[in-house]
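Undergrad: Chains as they are written, first to last, in our numbering: chain D, 1 to 295; chain S, 1 to 295.
Pasting a structure below so you can have a look.
2 protein chains.
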Amino acid sequence: MENNRYYGIDVGGTSVKIGLFQGQTLLEKWSVPTDTSADGANILPDIIRSLPGPAAGAALAVPGAVLPDGTVNRCVNLGWGVCRPTDEFTARTGIPCRVLNDANAAALAEQRLGGGQGYESILLLTLGTGVGSGIVLDGRLLVGARGTAGELGHLCLDPQDAAAACTCGHKGCLEQYASATGICRLAAQAGIPGLSCKQIMDGAAGGDARLEAVVDTACDALGRGIASACAIIDPEAVVLGGGVAQAGEYLRQKVQDAFERYAFHACLGTRILLATLGGDAGICGAALYAMDGGR
Amino acid sequence: MENNRYYGIDVGGTSVKIGLFQGQTLLEKWSVPTDTSADGANILPDIIRSLPGPAAGAALAVPGAVLPDGTVNRCVNLGWGVCRPTDEFTARTGIPCRVLNDANAAALAEQRLGGGQGYESILLLTLGTGVGSGIVLDGRLLVGARGTAGELGHLCLDPQDAAAACTCGHKGCLEQYASATGICRLAAQAGIPGLSCKQIMDGAAGGDARLEAVVDTACDALGRGIASACAIIDPEAVVLGGGVAQAGEYLRQKVQDAFERYAFHACLGTRILLATLGGDAGICGAALYAMDGGR
């Protein structure tokens, strides 16, 4: 019975989303709060207590770098340092377990089941509090030598922009322009403080010229970052997800226009698409990764 | 006898270099002039006339984009439009033939036999008249959906830099700072016109402060471009080749320093290395590609 049941587990800083899948079908989903006390030592036990029974496999999607051998290299938002959560998970449950970066999980899910369906190679950008990204090439995740492939949020667009100081220690990273946080910063810088990213996007789409100029700056940065990535990996399609992308076609068209301003001519055919899986991308991608064996 | 003999053919704008390999051993090499008259229609017949006999396979390394299906999408320097030179080559010789981009051939050669030996994933930069680049991930070439993966020369570093107008139609491409042409341009812009790139590099290494400032500008651009690529593909090593890289350790150290100024912290361990195959990289890479079957 459990032979084709898999757990996809998306470990976030506030809550852990868990999905039970039979093949690619989501049977049920639930969440547990993320207890970051004691260096996150309770997170795995809390997850495991919530599981309804055995399964053929599981995977954890985590907000941090994952080395190719499955070692997690710090998840600041969980309190985890360098660790191997899959070993503990399997020891406590008997369920084989894999681990991957959460943006990579979302990329895999959107490529197989979401906005990137039908394309073998995609770049996914998750535009949320930060800018996450994941790359699928020929149907396989690109993890990188140190587990940091697809860190497009830290592409340096303008090393001189002191107003765009990034948490990574550099200046002018894409994340400082194109995340929800970055868009609010750009608005404040333009003399319009105190608005949420959604208010800025809605106001811009509703015709407020000052807010539209803010959104245009963000989309220009996104288009340039995507053009850079396409000159390097040349994917078939680019998929935009995360809270900022809920602005939908309004955002997509602006990003497409900006991409075309910067793209190397041979890359102009690259499709810019919207993600479709929303908040389920992490659990779907983790479950697919659990099913995938070597991928 | 011909069962493990392969031709590696590097088709340049001035001459075609041809190597006959037995396994990975170069038995002999020669060249024929590139006749670009009549839209390059004589290039293949000239090559074929020079071949000493049958072989198990061959590959053409060409200066243009090659689609995943083997269609060449224009080689301006050869006079070729959209074409399938491998079909003609095989029809005339009976030798199975593949085709790949010349920078990709060099990347494959340096990863297997040259400066990147021992690493499964590398980014190669060829710093010559332009900036070519190729990417090997997990021992396989990354070709891209449109054959334009690894176009690092057209990474946009500064879209406002009108002095760095690129042949691709954009401004501020890496190639405009880090190619031999770009370095000469930077020197002229600094009030030192009329020097060759080699003279600039030699003068800088010899202690001329004004020339060293020019080289530092070029290396800063290279370091930033490499940092961007590493945030996207996270290779184990980056290999610098081409005429500019003949400055050797002097250049390598400056690029490493610049890379470390811009790199995402998790990528700081990436090795910056020098290419070792020189002008043979193209024929070696083509021969390896011919031997490789599916790769």
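Cβ atoms here follow ideal geometry from the backbone N, Cα and C, with glycine treated the same way.
Fair warning: this is a prediction, and the values are worked out from it, not measured in the lab.
Relative to chain S, which residues along the region 164–180 of chain D have a C-beta separation below 8 Å, given in chain order?
TA: Correct list: C168, G169, H170.
Undergrad: Counting only the same chain and skipping the five closest in sequence on each side, list residues whose C-beta sits under 6 Å from that of A59/S.
TA: Start at 1 with the first residue of the second sequence, and residue 59/S comes out as number 59. Correct list, in chain order: R98, A286, Y289, A290.
Undergrad: Using a Cβ-Cβ cut-off of 7 Å, state whether L155/S counts as contacting chain D.
TA: Looking up residue 155/S in the second sequence gives position 155. Yes, L155/S lies at the interface with chain D (some Cβ there is under 7 Å from its Cβ).
Undergrad: Relative to the alpha-carbon of G12/S, which residue among A103/S, D292/S, Q160/S has its alpha-carbon at the smallest distance?
TA: Within the second sequence, numbered from 1, the residue matching residue 12/S stands at position 12. Considering only alpha carbons, the answer is A103/S.
Undergrad: Can you tell me where the alpha helix (DSSP H) holding R261/S begins and where it ends?
TA: The residue labelled residue 261/S in the question sits at position 261 within the second sequence. Element bounds for R261/S: 249–262.
Undergrad: Can you tell me whether DSSP reads A28/S as helix, strand or coil?
TA: Within the second sequence, numbered from 1, the residue matching residue 28/S stands at position 28. In the sequence under discussion, the amino acid at residue 28/S is Glu, which differs from the Ala named in the question. E28/S: strand per DSSP, three-state reduction.
Undergrad: Whole-angstrom Cβ separation of A149/D and D234/S, contact assumed at under 8 Å?
TA: Numbered from its first residue, the first sequence carries residue 149/D at position 149. Numbered from its first residue, the second sequence carries residue 234/S at position 234. So it is a contact: roughly 4 Å between Cβ atoms.
Undergrad: Within 10 Å of its beta-carbon, does T167/D have 16 or more other beta-carbons around it, so buried, or fewer, so exposed?
TA: The sequence position of residue 167/D within the first sequence is 167, counting from 1. Looking at its Cβ environment, which holds fewer than 16 other Cβ atoms inside 10 Å, T167/D is exposed.
Undergrad: Is any beta-carbon of chain D found at less than 7 Å from that of A258/S?
TA: Walking along the second sequence from the start, residue 258/S turns up at place 258. Chain D contact via Cβ: absent.
Undergrad: L152/D versus chain S: which residues are under 8 Å apart at the beta carbon?
TA: As a first step, residue 152/D is located in the first sequence; it is residue number 152 there, counting from the start. Correct list: A231, I232.
Undergrad: Using a threshold of 7 Å, state whether the C-beta atoms of G172/D and D161/D are closer than that.
TA: Counting from one through the first sequence, the residue named residue 172/D turns up at place 172. Counting from one through the first sequence, the residue named residue 161/D turns up at place 161. Yes; because the gap between Cβ atoms is below 7 Å, this pair is in contact.
Undergrad: By alpha-carbon positions, which one of L277/D, T93/D, L274/D ends up nearest to P54/D?
TA: If you number the first sequence from 1, residue 54/D lands on position 54. Closest by alpha carbon: T93/D.
Undergrad: Quick one: give me the first and last residue of the beta strand (DSSP E) that R146/S is part of.
TA: Here residue 146/S is taken as the residue at index 146 of the second sequence, counted from 1. No beta strand (DSSP E) contains R146/S, which DSSP labels as neither H nor E.
Undergrad: What in chain S is Cβ-close to A149/D, meaning under 8 Å?
TA: Along the first sequence, read from residue 1 onward, the residue named residue 149/D stands at position 149. By Cβ distance, chain S contributes I232, I233, D234.
Undergrad: Is it buried or exposed for L20/S, if we count other Cβ within 10 angstroms and need 16 for buried?
TA: To locate residue 20/S, count along the second sequence from 1; it is residue 20. Classification for L20/S: buried.
Undergrad: Enumerated in chain order, which unbroken segments of the alpha helix (DSSP H) with a length of 4 residues or greater are wholly contained in the region 162–196 of chain S?
TA: Counting only runs of 4 or more, we get 175–178, 180–189.
Undergrad: Taking 7 Å as the CB-CB limit, is A247/S close to chain D?
TA: Here residue 247/S corresponds to residue number 247 of the second sequence, with the count starting at 1. Chain D contact via Cβ: absent.
Undergrad: Hey, how far is the Cα of R140/S from the Cα of E120/S?
TA: Position 140 of the second sequence holds residue 140/S. Position 120 of the second sequence holds residue 120/S. Answer to the nearest angstrom: the Cα atoms are 8 Å apart.
Undergrad: Anyone know if the C-beta pair for P68/S and N77/S falls short of 7 Å?
TA: Position 68 of the second sequence holds residue 68/S. Position 77 of the second sequence holds residue 77/S. Taking 7 Å as the Cβ cut-off, P68/S and N77/S do not qualify as a contacting pair.
Undergrad: Helix, strand or coil: how does DSSP classify S15/S here?
TA: The sequence position of residue 15/S within the second sequence is 15, counting from 1. If DSSP states are grouped into helix, strand and coil, S15/S belongs with the strands.
Undergrad: If the cut-off is 8 Å on Cβ atoms, which residues from the region 262–281 of chain D count as contacting chain S, listed in chain order?
TA: The region 262–281 of chain D vs chain S, Cβ under 8 Å: Y262, F264, H265, A266, C267, G269, T270.
Undergrad: Got a sec? Which residues, its chain only, sit under 6 Å from Y250/D by beta carbon, not counting five neighbours each side?
TA: Here residue 250/D refers to the residue found at position 250 of the first sequence. Result list for Y250/D: A205, in chain order.
Undergrad: Just verifying my parser: in three-state terms, what is the DSSP assignment at N3/S?
TA: Along the second sequence, read from residue 1 onward, the residue named residue 3/S stands at position 3. Reduced to three states, the DSSP call for N3/S is helix.
Undergrad: Just the Cα atoms here: how many angstroms apart are G182/S and D46/D?
TA: Indexing the second sequence from 1 puts residue 182/S at position 182. Indexing the first sequence from 1 puts residue 46/D at position 46. Approximately 58 Å, taken between the alpha carbons.
Undergrad: Within the 7 Å Cβ cut-off, does G144/D reach chain S?
TA: Looking up residue 144/D in the first sequence gives position 144. Interface residue, yes.
Undergrad: I'd like to know if A65/D contacts chain S, where contact means its C-beta is closer than 7 Å to some C-beta of that chain.
TA: Counted from its first residue, the first sequence places residue 65/D at position 65. Chain S contact via Cβ: present.
Undergrad: Rounded to a whole number of angstroms, what is the C-alpha to C-alpha distance between R84/D and V143/D?
TA: For the purposes of this step, residue 84/D is identified with residue 84 of the first sequence, where counting begins at 1. For the purposes of this step, residue 143/D is identified with residue 143 of the first sequence, where counting begins at 1. Cα to Cα, the separation comes out at about 17 Å.
Undergrad: Report the partner residues of S133/S according to the DSSP bridge assignment.
TA: Translated into positions along the second sequence, residue 133/S becomes position 133. Answer by DSSP bridge pairing, in chain order: L125/S.
Undergrad: Which residue or residues does DSSP assign as beta-bridge partners of G139/S?
TA: Working through the second sequence from its first residue, we reach residue 139/S at position 139. Beta-bridge pairing links G139/S to no other residue.
Undergrad: Give a yes or no on whether the minimum CB-CB distance between M1/S and chain D is below 7 Å.
TA: Taking the first residue of the second sequence as 1, we reach residue 1/S at position 1. Confidence at M1/S is low in this model, with a pLDDT of 48, below 50, so the placement of that residue should be treated as unreliable; the coordinate-derived value is given next. No, because no Cβ of chain D sits closer than 7 Å to the Cβ of M1/S.
Undergrad: Does S121/S have its Cβ less than 7 Å from a Cβ in chain D?
TA: The sequence position of residue 121/S within the second sequence is 121, counting from 1. So, interface residue.
Undergrad: Just how far apart, CA to CA, sit L155/S and C284/D?
TA: Within the second sequence, the letter at position 155 stands for residue 155/S. Within the first sequence, the letter at position 284 stands for residue 284/D. Their Cα atoms are separated by approximately 33 Å.
Undergrad: Flag this pair as yes or no: are the beta carbons of E110/S and A275/S separated by less than 7 Å?
TA: For the purposes of this step, residue 110/S is taken as residue 110 along the second sequence, with counting starting at 1. For the purposes of this step, residue 275/S is taken as residue 275 along the second sequence, with counting starting at 1. Taking 7 Å as the Cβ cut-off, E110/S and A275/S qualify as a contacting pair.
Undergrad: If we ignore side chains and look at the alpha-carbon of each, how far apart do G147/D and A65/D end up?
TA: The residue given as residue 147/D occupies position 147 in the first sequence. The residue given as residue 65/D occupies position 65 in the first sequence. For G147/D and A65/D, the distance between alpha carbons rounds to 5 Å.
Undergrad: Verify whether the separation of the beta carbon atoms of G153/D and G134/D is less than 7 Å.
TA: One-based indexing of the first sequence puts residue 153/D at position 153. One-based indexing of the first sequence puts residue 134/D at position 134. Cβ distance not < 7 Å, so G153/D and G134/D don't count as in contact.
Undergrad: Using DSSP bridges, identify the partner residues of R271/D.
TA: Indexing the first sequence from 1 puts residue 271/D at position 271. According to DSSP, which records beta bridges pairwise, R271/D is partnered with A237/D.
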